[in-house]
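Counting in my numbering, the sequence shown runs without a single skipped number right up to 563 at its last residue.
Every residue, glycine too, gets a C-beta built ideally from N, C-alpha and C.
Beneath this line is the structure, given in structure tokens, with notes to follow.
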Amino acid sequence: MSGRLGGILRRALAADFELVALNRSIVPGVRTIRADLRRPDSIGDALAGIDAIVHLAAYPFADDNADEIVPVNVLGTLHLLEAARCAGVRRIVFGSSLSAIGGHRVAFLELCRRRRFLSAARKIAFLEAQESPRPDSLYGVSKVFGEALCRLYVDRHGFSCVCLRLAEVRPDDRPNPLDPHGARILCRHGDFVAGVRAALARTRRPGFEIRTLISDDFRDAAPSGAPRRRTPGARGSAGAARRA
């Protein structure tokens with residue numbers, strides 16, 4: 320919960336959930352279990368008593384370094400899922416990324432070119448119609464691996480998992496000024512939180528889903544709206560949530 324996404328969730332969910340952080344460093348104001356996902360022995364039985372896990376830990380997109388990405392994003396996800404299995408935790412929300420299908424970017428931008436404004440629902444419908452993964456980076460590949468691992472644990476161990484392919488979540492909740500398409504690939508903070516809440520609720524039923532979280536095209540005068548269709552990096556943390 321020490322990263323950008325974890326911090327947003329911590330502030331938004333603290334009133335409704337008993338939060339537990341699985342993190343390498345202490346998270347102020349939250350019960351923290353010190354662990355490193357690269358070392359499964361450091362997790363141990365730390366997940367005992369947890370109802371659901373929101374897994375956001377990842378080595379960031381900006382540094383496409385396989386030596387860092389594989390141990391954290393791939394093996395770290397496997398270690399967390401296995402620790403959850405051993406602890407009897409079966410509800411997982413996995414923070415994936417649009418980078419898992421970033422290779423479809425040309426077609427998506429062509430859709431944007433034809434429309435002055437795109438709603439979240441229209442973008443989600445298009446992106447979720449791109450059935451095959453098409454990662455745009457090693458980071459994207461790691462997210463495809465993470466989704467596949469979640470699917471394996473659903474099929475083999477009876478987990479319930481929702482993978483959220485996130486658009487860009489910015490610290491200032493505004494589009495990246497260096498990206499000419501930033502206003503169209505933004506996930507506003509409110510939409511991110513609403514999506515995670517919906518995904519947590521969805522994990523109460525068995526199954527596996529991949530959902531997209533992206534906001535309406537950004538307009539300064541327009542408030543952020545909640546995702547209108549099916550609800551489904553930066554360094555983050557695996558947030559383990561227990562209902563209050």
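Below 8 Å on the Cβ atoms is my contact criterion, and I expect residue i with residue j to pass it. Report the Cβ-Cβ distance as a whole number of Å.
i	j	result
R530	L483	6 Å
L400	F427	Actually they are not in contact, since the Cβ atoms of L400 and F427 sit about 30 Å apart, beyond 8 Å.
D383	S456	5 Å
H398	I362	6 Å
L468	T396	5 Å
A518	V481	4 Å
R409	G477	6 Å
With a threshold of 6 Å on Cβ separation, who are the neighbours of residue i within its own chain once the five nearest residues in sequence on each side are excluded?
i	result
A367	A406
V463	A419, P452, P454
Among residues of its own chain, excluding the 5 on either side of residue i, which ones have a beta-carbon nearer than 7 Å to its beta-carbon?
i	result
D492	R507, H508
Would you list the residues sitting across from residue i in a DSSP beta bridge?
i	result
V412	V373, V481
T351	A340
F527	C480
E487	L505
L532	L485
Is it true that the CB of residue j sits closer than 8 Å to the CB of residue i?
i	j	result
I345	H374	no
A340	I372	no
G422	L485	no
I388	I533	no
F537	A513	no
R489	L505	yes
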